[in-house]
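>
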Amino acid sequence: MDSIELQGISVRYRREKIRSLKELVVRGLARRGAPYFYSLRDISLTVRSGESVGIIGPNGAGKSTLLRVAAGIVTPSEGVAIGRGNIVPLLELGTGFESELSGRENIQFNGALLGRSRAQMRAQLDDIIAFSGLEQFIDAPLRTYSTGMVARLAFAIATAVDAETILLDEILAVGDAAFRARCEERIRTFVREGRTIVLVSHETEEVVKLCKRTVWLAKGEIVADGPSEEIISRYETQR
Ligand SMILES: Nc1ncnc2c1ncn2[C@@H]1O[C@H](COP(=O)(O)OP(=O)(O)OP(=O)(O)O)[C@@H](O)[C@H]1O
Ligand SMILES: [Mg+2]
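If you count the sequence shown from 1, position 90 lands on 853 in this note's numbering, and the numbers rise without skipping.
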């Protein structure tokens, strides 16, 4: 069974025009050229249920855009995106969180956004708090958390809510070594249980460890797609 199926996906944005004298002074005259910029161009990609897929590529390659399309957050300009089963995205840090609410309240809030009932979330509250390692801070408002602390909470929630597929966009990068090791262990368990992971990362070692397959993106297109070790060694030698 497929978890995610992308057929001929393009995402394009209109190039921004100069709208004020200040912009004109700062930027000079607008470059003439195509009115659109393609973040993704004609991408076809199938992720089967139970696969662990890494997405690599330089800044601006379209990796985050690809995950947003897979999560249904961005509507493609062309093509069809199909996601099956329960897909939990863990994308920009802090989305789905409220800074004035406490960590504990955010677990309920985030769970509700993911379609979980209060009772379901209450049943998992202790596990989520324990995994996050934030017991001491859990009743403080989220605005007082560090970036890594928010990531811990987000990862703990996303992996506790009984997802079939999780989409991770550079979430582990902000965690410390100890938390990263626990996340890796949880991701391995996840995959062992037959669930699906799509992981965007600049840490190629992490991708080799966690993902069997890797997709290399550049300038909105797929450069290569295959076994992680092979794709990553090609990626590293061309840099
Ligand atoms: N809302 C938007 N409007 C205009 N351009 C956008 C928008 N979102 C993304 N882009 C452009 O699309 C391209 C791909 O962006 P994306 O965030 O997917 O890259 P990425 O591969 O995740 O990069 P990074 O490694 O830096 O996270 C970039 O050039 C970016 O400027
Ligand atoms: Mg990105």
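C-beta atoms are modelled at their ideal positions from N, C-alpha and C, and glycine is treated no differently.
Along the chain, which unbroken stretches of the alpha helix (DSSP H) at least 4 residues long are found entirely within the region 876-903?
The region 876-903 contains these whole alpha helix (DSSP H) runs: 881-895.
> What is the rounded straight-line gap between the Cα of Glu999 and the Cα of Ala886?
Looking at the two C-alpha atoms, the distance is approximately 45 angstroms.
> For Thr977 versus Ser991, is the C-beta spacing smaller than 7 angstroms?
Going by C-beta atoms, Thr977 is nearer than 7 angstroms to Ser991.
> If you reduce the DSSP assignment to three classes, tell me which class Glu814 lands in.
Coil.
> Since Ile767 and Ala833 should fall inside the 8 angstroms C-beta cutoff, what is the C-beta to C-beta distance between them, to a whole number of angstroms?
Contact flag correct, Cβ pair sits at about 5 angstroms.
> Do the region 929-939 and the region 953-970 touch if we need at least three Cβ pairs shorter than 8 angstroms?
A contact exists between the region 929-939 and the region 953-970.
> Mind checking whether the beta-carbon of Ser840 lies closer than 6 angstroms to any heavy atom of ligand 2?
No - ligand 2 has no heavy atom lying nearer than 6 angstroms to the Cβ of Ser840.
> Distance, Cα to Cα, Leu916 vs Phe872?
Distance between the alpha carbons of Leu916 and Phe872 is about 12 angstroms.
> Straight-line CA distance for Met764 to Gly848?
About 10 angstroms.
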